[in-house]
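The structure under discussion appears below in the form of structure tokens.
Residue numbers (the numbering used here), protein chains in the order written: chain A, 182 to 323; chain B, 182 to 323.
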């Protein structure tokens, strides 16, 4: 990692509005998408000005790979999952962010992608907080 | 890479029907999606039985990262691009495959995802072959 990860970083306002913060890992802020239809994490590298994955330097890119894999494994520990979906789109919110979503056969968008599908359904606050706590319990694992 | 990459590998019939082969890189078969609406590569690790990215071993995972980045850079050399989209879904075709797509503002699916959007438009064969040749010209770069 070059420099201090996090210096000058500001989370996009739209991402902030649609998510709850789970944790800061070494590179990424880990967010839970506030959409109870899909167990859905978003990883945002805490470095200003990033748009594409290939804007990362080599060490950061390797760390993003590690943290993406960790998010995939983590989601499977807290939610039933028939297929993991991973995506970096950024067509609407340009700040680099990686989606990791646990999909179930027959879920609200199956077999299509979650992005742009239907209307988000926010969690009940208590359920969202409980899920965030379960996700945070993993934070000790590298 | 553990074992001989490619041994026992068979490309999913649906992927084969929808694409043209560009090259075999160290880990992945590189395919051009036969949809003239979007410059679109698909990387398929040549190892049987893979479904999720985290089914790869550590060395293969690192190589997939390298080859995904290479595909992103390659696409930008052959096509105008406002945003790269990268995705591993596999909800329909379970064989592990990674999409890398060059998006333009105002393209046929903008700003939504390309997956499941509208009707694919196959290339004219001469145009497809010319694009494949341009993509292959990169093959010497690691």
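C-beta atoms are modelled at their ideal positions from N, C-alpha and C, and glycine is treated no differently.
Please read these numbers as outputs of a predicted model, since none were measured by experiment.
Would a check of beta-carbon distances place residue i closer than 9 Å to chain A?
i                     : result
residue 272 (chain B) : yes
residue 323 (chain B) : For residue 323 (chain B), the predicted structure reports a pLDDT of 42, less than 50, and the residue's modelled location is therefore unreliable. A value from the coordinates is still provided. Answer no: the Cβ-Cβ gap between residue 323 (chain B) and chain A never drops below 9 Å.
residue 214 (chain B) : no
residue 227 (chain B) : no
residue 268 (chain B) : yes
residue 242 (chain B) : yes
residue 275 (chain B) : yes
Strictly by DSSP, which residues pair up with residue i?
i                     : result
residue 212 (chain A) : A:202, A:223
residue 281 (chain B) : B:222, B:267
Verify whether the separation of the beta carbon atoms of residue i and residue j is less than 9 Å.
i                     : j                     : result
residue 279 (chain B) : residue 308 (chain B) : no
residue 272 (chain A) : residue 294 (chain A) : no
residue 277 (chain B) : residue 222 (chain B) : no
residue 283 (chain A) : residue 257 (chain A) : yes
residue 213 (chain B) : residue 227 (chain B) : no
residue 317 (chain B) : residue 217 (chain B) : no
residue 247 (chain B) : residue 262 (chain B) : no
residue 235 (chain B) : residue 250 (chain A) : yes
residue 243 (chain A) : residue 243 (chain B) : yes
Relative to the C-alpha of residue i, which candidate in the options has its C-alpha closest?
i                     : options                    : result
residue 254 (chain A) : A:281, A:274, A:268, A:205 : A:281
residue 193 (chain A) : A:250, A:224, A:265        : A:224
residue 301 (chain B) : B:200, B:188, B:189        : B:200
residue 264 (chain B) : B:229, B:197, B:240, B:291 : B:291
residue 190 (chain A) : A:198, A:231, A:217, A:203 : A:231
residue 296 (chain B) : A:268, A:315, A:285        : A:268
residue 260 (chain B) : B:240, B:243, B:248, B:219 : B:219
residue 274 (chain A) : A:187, A:188, A:195        : A:195
residue 133 (chain B) : B:197, B:239, B:211        : The structure shown does not extend to residue 133 (chain B), since chain B is modelled only from 182 through 323, so no value can be given for it.
residue 197 (chain B) : B:306, B:215, B:305        : B:215
residue 241 (chain A) : A:306, A:311, A:187        : A:187
residue 270 (chain A) : A:299, A:305, A:233, A:287 : A:233
Please confirm whether residue i has its beta-carbon closer than 9 Å to some beta-carbon of chain B.
i                     : result
residue 233 (chain A) : yes
residue 218 (chain A) : no
residue 284 (chain A) : yes
residue 194 (chain A) : no
Taking any Cβ of chain B, which residues in the segment 288-302 of chain A have a Cβ under 8 Å from it, in chain order? 291, 292, 293, 294, 296, 297
Using Cβ-Cβ distances below 7 Å, what residues of the segment 244-265 of chain A are close to chain B? 246, 250, 253, 254, 264, 265
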